[in-house]
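Since the structure comes first, as structure tokens, the remarks are kept for the end.
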Amino acid sequence: MPGRVVAARPARLLGQAVVNFAYLAEQEELSGPSPISARPRIFHRGLEDPLEPEAVLSTAGPQGPSAPSVASPPASASFIGLDDIPMVDSSYIVIPPDTGGAVGLTKLMSGLNNNYRIFDKSDGSVISTLGTATFWAPSGETALNGLTDPRTLYDPYNNRWIAVMQTVTTGAGNILVGVSHTSDPTGNWFLYRFATGATIDFPTVGFNKNWIVVAINRYSNGGTFQRGITLVVNYPLALTGTGSGVIFTQQPTTHFVSSPCATYSATAETLYVVTHLSSSGATYTLDMITGTAASPSYTAGGSQTRTGGGWAQPGGQLLPQSAPNSGTSSCGATPCAIETQDAQVRSAPVCRDGYIYYTQTIGLPASGLTHTGVQWTKLNTPSGGFVDGGRIEDATANSTNGGKWYAFPHIAVNSVSDFMVGYSQFSSAQHPSAGYSMRLAGDAAGTIRDPLIYKPGEDYYHKDFGSGRNRWGDFSQAQVDPSDDRSLWTVQEYGKFRVSTNDGTTGANGSRWSTYWANVAGPAPIVTIESGQSQSEGDAGLTAFTFTVNLSTGYSLPVTIDYQTADGTATIADNDYEAASGSITIPAGETSGVITVNALGDTNNESDEMFDISLTFATNGVIGSPGSSTGTILNDDDFTITATAGSGGTISPSGVVIVAPGGSQSFTIAHDACHTIADVLVDGVSAGAVTEYTFTNVSANHTIAASFTLITYTITASAGDGGAISPSGAVSVGCGSDQAFTITTDPENMIGSLVVDAVSLPIAESHTFTNVTAPHSISASFQIGPRITIGDLVLVEGNSGTTEFGFPVKLSGPATMHVDLTWKTVDVTAVASSGDYEADSTVLSIDAGATTAIIPVQVNGDLTPEDQETFLVNLPGAMHGIVADGEAVGMIINDDGATAVESGIPAELSFAIEGGNPGGGAVRFRLGLPSSGRVALHVYDVAGRLVGRAVDGILPAGSHGVSWSVQREGAHPASGVYFVRFAANGRTITRRFVLLR
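Per this note's numbering, residue 518 is the first one in the sequence shown, and the count goes up by one each step.
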């Protein structure tokens, strides 16, 4: 189902280790050859047989002639790879080799079923060889005789090697994953061993920045294909030594030989997986792995059709070859055919710049197989739609006419979209050979250049260990070079010279397979040389001058550069330097080298001299600009005068001054504005405070050192009576420095004047002289501060919340500076702790020039009838003034039952009932007080009983409205006649009113 998300489970890590490849190889070599005689070993046991039926070899005639095309570029370098030798850790011999390998910056690494081998990329020389079992054993793997299907890749973005193998243990196969610590495969590796809990076979491996992905077939214990499974390893964690991943289980009978892409991008988040579906239908599917490194998601794609039509599914012993060089084939007159395998995508597709490239072995023609060819396909992403494709085939070929068959391909793509398809070539008229075809980015769509056989087969090959299967492959490998991202490599299998005529089928006969590397180099790098050194020659011997030669990019081939020196002002005849010519070689993958030219030391007094060096020719490189450089030989036979100056001045010239023998040298000494010259020492002896000094007829090294003295100025500080200035007196200040002064007063005084350098300044409590460059003076005078008084205050408290009592503070006159008052509240009859008011104490600061201020005290309102209450506000002390009246009385007027005082003072005592009479639930009265005093306003019934107190307290003079509510009285007076008595100012007034309820 297209777009189906595949279920995942955590991968179980059985073991992990850190190994050093070079150390293991060394220990393996020291242990000597295995005492076990060479034994045959055949891999896979047929588990990877395809799901679709194989075509039967047809005897139909050729389909037509094959038109000549364009020649593929020749190999720039080629050399033998890992060959048919026993496993160095067990002496097993193996078929098939499972041809593979990868290309790093300076090394190549082959990983085959028998061994790992590391080569120098420059010349193919062998660096070390290690048995596969020895390499993987530290991971804890015990089924070391079941290791198979090695895959080796190089990640050019992390510059790491990736190695994968599997075990074919029935019902308990493991997937082994290795990641190198660095770009050097001979160094340390992290190894991880993941369990699958199933019989597995034929892993294919891809990667991107998030994951290493291993797709593998899962079988029943009886060998029947069940489904594909996919191990997705967290790559960032694997780089740090932690093995973690998930396994996706595909739908039954799907994903046979799925192939994850090698992703050539440092940023791509998606990893694509290609699966061939049907040969006759030319169908395939493209899956996607997305998400994060720690949480991948696998989405299966739907079936898509490749443009160009179908083909036949190859399989079985089909690939023809010629007869042995000597002896006979055990198959008779027609030499034993070689097994072709199937049309699955058997090596990692390449995902690059938005496209996917992959190859297959296919049977042609589709109507009846007469030969095999290689097919290449280009898809777009993310849809997976077909973009381009083509075939490498000899349309005339059949099994007997000498036509060419092609199989076991892989593809590599470079940064400009050139690609190489590597393969093995077969024919009834030749031995199995290694070759490739190239397609350059500008070539016509659907085309690829002619096959190029870079390693012809040397002999007939037949070795089946009695299985009846003459195995080849099972795959091959191609890769772009990470040094320049342009050069293309492939490693392919070919038939090697037989070691005997034995063509038996039960063991190690005379046939030998082998592998061969080929490189088609990209554009040669530009070669330049850096600027030369300038250095002293010395008095004797040789002084090495080094010149760095750079390549514009690393290269897949070693670059050899010829060079030649030439005289400038330095000459060979005068023994200034040694002539040099020759060449240096920058190894493949490196980007720089060094040329060394020797200068000859002497004691001659002479000028600086120069010689030139030029790059004259480059092999595998192009001389660019600059192609020449100059070395400067500094004469070190003159005398030196070392001139230094302390702080506060300069000496010119300064530093190490070169003076020719017998020459003269003058020095000028200058001080800055804040210093004077203290002394000039010549060779440690005082020459006085001179401004110039000249050395004449110099015949030795000398020193001259100038020192300087800081100029100081006096600031005279004074203060009159009533205060102080600090510091005071004659204060010494260094030139250019700052000096601050602070003026303080006695408590009752304020600053009267501030005079700086005879100029009156605004009153301030401090003054700073900055960047002092002259004498100064500062003086301060003082005077008595203003008298301070505080006024009483009488206010009604209110029924709720707080009322601010603002006590007025007055100064007898404006102050020249701020006046600070310390004040606090004091209980009298009003008690702060009882909630009458808020106790407070703080400092009130009155700005300079102001004559009034307010001290706020918060009084709490309530509904409790009570007498007037008082509290005090005291002024314990003041700064910059004198407290003349330091106590104020605050009177809290009780207004419970009375409204606030209205404006206007009545001339005489008055009392009236407001509103209608009779009254309802509340009665209002109007009280007129010509002066403040105690007021009693009581309500009585006709029997003379007291039934309510409307007011009972002190009220200020004024007109007051009083409301008496029946609900306030606990007795709830009934309807009837009532009397209200008003007593104040020594008088009593009574009024009658009727209450109706």
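All C-beta atoms in this analysis are idealised placements derived from N, C-alpha and C, irrespective of residue type, glycine included.
Distance between Y977 and A946 (C-alpha atoms, nearest Å): A straight line joining the alpha-carbon of A946 with that of Y977 spans about 11 Å.
Beta strand (DSSP E) segment containing A525, residue limits: A525 to P527
Given T816 as reference, the closest of G825, G826, A1097 and T802 once Cα atoms are compared: The shortest Cα separation from T816 among G825, G826, A1097 and T802 belongs to T802.
Spatial neighbours of G1251 in its chain, beta-carbon cut-off 7 Å, leaving aside the 5 residues before and after: L1227 and T1229
6 Å Cβ shell around T1185 - same chain, five flanking residues per side excluded: S1169 and E1209
Backbone CA spacing between T1290 and I1307 [nearest angstrom]: 50 Å
A1195, enclosing beta strand (DSSP E) - first and last residue: H1192 to V1199
Start-to-end residues for the beta strand (DSSP E) that takes in P720: T716 to F724
For T684, three-class secondary structure by DSSP: strand
Exposed unless 16 or more other CB atoms sit within 10 angstroms - verdict on D991: buried
Burial state of A1332 (16 or more Cβ within 10 Å): buried
Among F1322, L756, S1329 and V605, nearest to Y1354 - alpha-carbon criterion: Distances from the CA of Y1354 to each of F1322, L756, S1329 and V605 were compared; the closest alpha carbon is that of F1322.
Identity of the residues DSSP links to V1289 by a beta bridge: BP columns for V1289 are empty, so no partner.
Closer than 7 Å: F1225 CB and nearest the ligand GDP heavy atom: Absent from the structure shown: the ligand GDP. Ligands present: none.
C-alpha distance - S884 paired with A914, whole-angstrom precision: 15 Å
Identity of the residue in D981, M626 and A1160 nearest N1019 by Cα: D981
Secondary structure of W490, DSSP reduced to three states: The structure shown has nothing for residue 490, since the chain only spans 518 to 1514.
Any 3 or more C-beta pairs closer than 8 Å across the segment 954-968 and the segment 1007-1025: no
Contact under 8 Å by Cβ, S1053 with L1151: yes
Own chain residues within Cβ distance below 7 Å of P673, not counting five before or after: For P673, where only same-chain residues beyond five positions count, the Cβ hits under 7 Å are P999.
Same chain only: Cβ atoms within 7 Å of G1503, ignoring 5 sequence neighbours per side: none
Cβ-based neighbour list, F1388, same chain, cut-off 7 Å, excluding 5 preceding and 5 following: T1342, V1343, D1344, V1345, A1347, Y1354 and G1407
Segment limits, beta strand (DSSP E) that includes Y633: According to the DSSP assignment, Y633 belongs to the beta strand (DSSP E) that extends over N632 to D637.
Inter-residue CB distance, T1077 and S1051 (contact presumed, cutoff 8 Å): T1077 to S1051, Cβ: 28 Å. No contact.
F538: first and last residue of the uninterrupted alpha helix (DSSP H) it sits in: F538 to L547
Beta-carbon gap between S1317 and D1337 smaller than 8 Å: no
Range of the contiguous beta strand (DSSP E) that encloses Y874: Y872 to L881 is the extent of the beta strand (DSSP E) around Y874.
Opposing strand residues paired with H1455 [DSSP bridges]: R1466 and R1498
The segment 1055-1066 in contact with the segment 1158-1174 per 3-pair CB rule at 8 Å: no
G688 versus V681 - alpha carbon distance: CA-CA distance, G688 to V681, rounds to 19 Å.
Buried or exposed (CB count within 10 angstroms, at least 16 for buried), V1511: When all chains shown are included, V1511 counts as exposed.
According to DSSP, residues forming a beta bridge with E1404: N1391
Pairwise C-alpha distance: S934 and F596: 26 Å
Extent of the continuous alpha helix (DSSP H) to which L754 belongs: Y752 to A755
Cut-off 8 Å between Cβ atoms - residues of its own chain near A650, not counting five sequence neighbours on either side: M604, D606, S607, L661, N662 and L664, listed in sequence order.
Outcome for E1516 when other beta-carbon atoms lying within 10 angstroms are tallied against a minimum of 16: What the structure shows of the chain is the stretch from 518 to 1514, and residue 1516 is not part of that stretch, so it cannot be assessed.
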